[in-house]
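Q:
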Amino acid sequence: MQFGKKKVLNNINLEIPEGSVTAIVGPSGSGKTTLLRTLNLLQLPSDGSIAIDDAQIDAQHIERAKIKQIRTKSTMVFQQFNLFKNLTALENVMSPLVYNKKTKLNEARKTALAVLKDFGLEKIAAQYPVTLSGGQQQRVSIARAIVAKPKVVLFDEPTSALDPELVAGVLNAIAKLAEQDITMVIVTHEIEFARQIADQAIFVEDGEIVDQGVAKELLSTQGNGRIANFVNSLVNQGQIEVAGN
Numbered sequence: 001m002q003f004g005k006k007k008v009l010n011n012i013n014l015e016i017p018e019g020s021v022t023a024i025v026g027p028s029g030s031g032k033t034t035l036l037r038t039l040n041l042l043q044l045p046s047d048g049s050i051a052i053d054d055a056q057i058d059a060q061h062i063e064r065a066k067i068k069q070i071r072t073k074s075t076m077v078f079q080q081f082n083l084f085k086n087l088t089a090l091e092n093v094m095s096p097l098v099y100n101k102k103t104k105l106n107e108a109r110k111t112a113l114a115v116l117k118d119f120g121l122e123k124i125a126a127q128y129p130v131t132l133s134g135g136q137q138q139r140v141s142i143a144r145a146i147v148a149k150p151k152v153v154l155f156d157e158p159t160s161a162l163d164p165e166l167v168a169g170v171l172n173a174i175a176k177l178a179e180q181d182i183t184m185v186i187v188t189h190e191i192e193f194a195r196q197i198a199d200q201a202i203f204v205e206d207g208e209i210v211d212q213g214v215a216k217e218l219l220s221t222q223g224n225g226r227i228a229n230f231v232n233s234l235v236n237q238g239q240i241e242v243a244g245n
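Numbering (full-length UniProt numbering), first residue to last: 1 to 245.
See the structure below:
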């Protein structure tokens, strides 16, 4: 992946098992978000290929139909929530079903309400985003992301825009999804959370995957190597009690 003459991602070779949780960690500016956006084709690759389920796209032959196919199988949760301000929480969650004509309106409403209830948000269904806390908005955005049952959910620093006291609620919402065997890729600085929830972790620096492996091992605080030093710099952040642990 390159912008002009500058290579932002290089030698990326990544396989994510179905139903697994993958944490992407690394210093700011290392290319983590670009990698995530490329997986969802919000940023088109300059070389290589991407495959999700039975959908595949090659950088040398990018077609709109292929882009649409990949995006129907994956969805992103952004740092800044990206909710529609003129829609209620319920209408926001309904929107992927309605706009993509996946279900009839009444069925979309019923499905969206059920998802909001799963996240403990049924009481704010009729409220607009401006009346919600940052944590509530992010949980609504997560509900919206999964309502159409995508194959992969991509999270870009889902707690970075939140006040500290709101972080745990969002992380526990993500942990609940992990219990449902939903394939997830999470860019995060919440190291303790990543150790608890992720099956595998990837350390990215200078646009390359430096190392990858079992999350509890790769994100260990032991040792004096580059990754251990990075982990130790963040280890006291994001310590929560994940539901079920």
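C-beta: ideal position from N, C-alpha, C; glycine also.
Alpha carbons only, please: which of Arg71, Lys66, Arg64 is nearest the one belonging to arginine 37?
A: Within the sequence shown, residue 37 is the residue found at index 37, counting from 1. Comparing Cα-Cα distances from arginine 37 to each of Arg71, Lys66, Arg64, the minimum goes to Arg71.
Q: Skipping 5 residues on each side, what residues in its chain have a beta carbon closer than 7 Å to that of alanine 243?
A: The sequence position of residue 243 within the sequence shown is 243, counting from 1. Note that alanine 243 has pLDDT 47, beneath the 50 cutoff, so the model's placement of it is unreliable and the number below is only indicative. Closer than 7 Å at the Cβ level, and outside the excluded window around alanine 243, lie Asn172, Ala175, Lys176.
Q: Please go through the same chain and pick out, in chain order, the residues whose beta-carbon is closer than 7 Å to the beta-carbon of valine 130, but skip the five residues on each side of it.
A: Locating residue 130 in the sequence shown gives position 130, counting from the first residue. The residues are Lys85.
Q: In the DSSP assignment, the alpha helix (DSSP H) including leucine 90 goes from what residue to what residue?
A: Taking the first residue of the sequence shown as 1, we reach residue 90 at position 90. Following the DSSP letters along the chain, one finds leucine 90 inside the alpha helix (DSSP H) bounded by residues 89 to 99.
Q: Suppose the cutoff is 6 Å on Cβ atoms and the five residues either side in sequence are ignored; what does the same chain contact list for phenylalanine 81 look like?
A: Residue mapping note: residue 81 aligns to position 81 of the sequence shown, counting from 1. If we look at phenylalanine 81 and ignore the five residues flanking it on each side, its Cβ neighbours are Gln137, Gln138, Ser141.
Q: Taking C-beta to C-beta, are leucine 35 and isoleucine 12 nearer than 8 Å?
A: Locating residue 35 in the sequence shown gives position 35, counting from the first residue. Locating residue 12 in the sequence shown gives position 12, counting from the first residue. Going by C-beta atoms, leucine 35 is nearer than 8 Å to isoleucine 12.
Q: Would you list the one or two residues that DSSP bridges to aspartate 211?
A: Here residue 211 is taken as the residue at index 211 of the sequence shown, counted from 1. Phe203.
Q: Buried or exposed, going by whether 16 or more other CB atoms sit within 10 Å of the CB of leucine 105?
A: Indexing the sequence shown from 1 puts residue 105 at position 105. It is exposed - the Cβ of leucine 105 has fewer than 16 other Cβ atoms within 10 Å.
Q: Grab the span of the beta strand (DSSP E) containing phenylalanine 155 for me, first residue to last.
A: The sequence position of residue 155 within the sequence shown is 155, counting from 1. Start and end: 152 to 156.
Q: Just curious, the beta strand (DSSP E) that aspartate 58 is in, first and last residue?
A: Within the sequence shown, the letter at position 58 stands for residue 58. Per DSSP, aspartate 58 belongs to the beta strand (DSSP E) from 55 to 58.
Q: Going by DSSP in three states, glycine 238 sits in which element: helix, strand or coil?
A: Here the question's residue 238 lines up with position 238 in the sequence shown. Unreliable positioning characterises glycine 238 in this predicted model, as indicated by a pLDDT of 46, which lies under 50. A coordinate reading is not provided.
Q: Quick check on DSSP: helix, strand or coil for lysine 85?
A: The residue you call residue 85 lines up with position 85 of the sequence shown. Coil at lysine 85, not helix or strand.
Q: Ignoring anything shorter than 4 residues or poking outside the stretch 38 to 80, list the alpha helix (DSSP H) runs there in chain order.
A: 64 to 73
Q: Taking Cβ to Cβ, would you say alanine 178 is nearer than 8 Å to valine 77?
A: Position 178 of the sequence shown holds residue 178. Position 77 of the sequence shown holds residue 77. Cβ distance not < 8 Å, so alanine 178 and valine 77 don't count as in contact.
Q: Under the rule that 16 or more other beta-carbon atoms within 10 Å means buried, what is histidine 61, buried or exposed?
A: If you number the sequence shown from 1, residue 61 lands on position 61. Answer is exposed; the Cβ neighbour count stays below 16.
Q: Quick one: is residue 288 buried, meaning 16 or more other Cβ sit within 10 Å of its Cβ, or exposed?
A: This structure leaves residue 288 out entirely; the chain is present only between 1 and 245.
Q: Which class does isoleucine 186 belong to by DSSP, given the choice of helix, strand or coil?
A: Translated into positions along the sequence shown, residue 186 becomes position 186. Reduced to three states, the DSSP call for isoleucine 186 is strand.
Q: Relative to the C-alpha of proline 108, which candidate in Phe119, Pro96, Lys117, Asp118 has its C-alpha closest?
A: Working through the sequence shown from its first residue, we reach residue 108 at position 108. Per the sequence shown, residue 108 should be read as alanine rather than proline. Among Phe119, Pro96, Lys117, Asp118, the Cα nearest to that of alanine 108 is on Pro96.
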